[in-house]
Each structure stands twice: as C-alpha cells, then as structure tokens.
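In my numbering, each residue's number is its place in the sequence shown (first place is 1) plus 1.
We put the beta carbon where it would ideally sit given N, CA and C, even for glycine.
Predicted, not measured: the structure shown is a model, and the values here were computed from it.
Structure, as structure tokens:
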Amino acid sequence: MFKNKFQQKSLVQRFLFVFGLCFFLLYLGLGCMFLFWDNMPIALEYTHRMLFGGLLIVYGVFRFIRLWNQE
C-alpha cells in the first residue's frame, strides 16, 4: 500500500500535478483578491464579492484535496 504511494510518477503525472498546484494557487489568489481588494475594477456589491471570493477559496481547497488524494 505505501510502496505504491512513493513510487516515481511518470512525466505526464508530474506535469498534471504541477498544473493542478498552479490552478490551486490561482483560485486561492483570485479568492483573496475578491475578499481583500476594496477598489476592484469590477462593480460588485460587498456581499457578492465576499461570497464569490469565499467560493473560489473553497473550490481551490477542494481541488487541492482531490489532487493530493489522487493516486
């Protein structure tokens, strides 16, 4: 069980892992941007901005968990 977890992954699997990490960071960064940037060029109400930013962060964490648990 543990031997399979630490075997060398193929080049495609490593690329997809790095790609997934980049998208996790992208969603996390966008979520923080929506939460903390007050003078945003997109006209959204405060509550909509907070909801959208929170959803982006939750979705990014969900993708990271799925990426981490992937075999």
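Alpha-carbon spacing of residue i relative to residue j, whole angstroms
i, j, result
"Leu45", "Asn70", "35 angstroms"
"Gly54", "Trp38", "10 angstroms"
"Ile43", "Gln14", "37 angstroms"
"Val59", "Arg67", "12 angstroms"
"Leu57", "Gly30", "9 angstroms"
"Asn40", "Ser11", "44 angstroms"
Terminal residues of the alpha helix (DSSP H) in which residue i lies
i, result
"Trp69", "Tyr47 to Asn70"
"Leu14", "At residue 14 the sequence reads Gln, which differs from the Leu that was named. Taken as a continuous stretch (DSSP letters only), the alpha helix (DSSP H) holding Gln14 covers Leu12 to Phe37."
Exposure of residue i, with buried meaning 16 or more beta-carbon neighbours within 10 Å
i, result
"Gly61", "buried"
"Gly32", "buried"
"Phe35", "buried"
- Message: With three or more beta-carbon pairs closer than 8 angstroms as the criterion, would you say the stretch 38-56 touches the stretch 18-29?
- Response: Flag = no, the stretch 38-56 and the stretch 18-29 do not touch.
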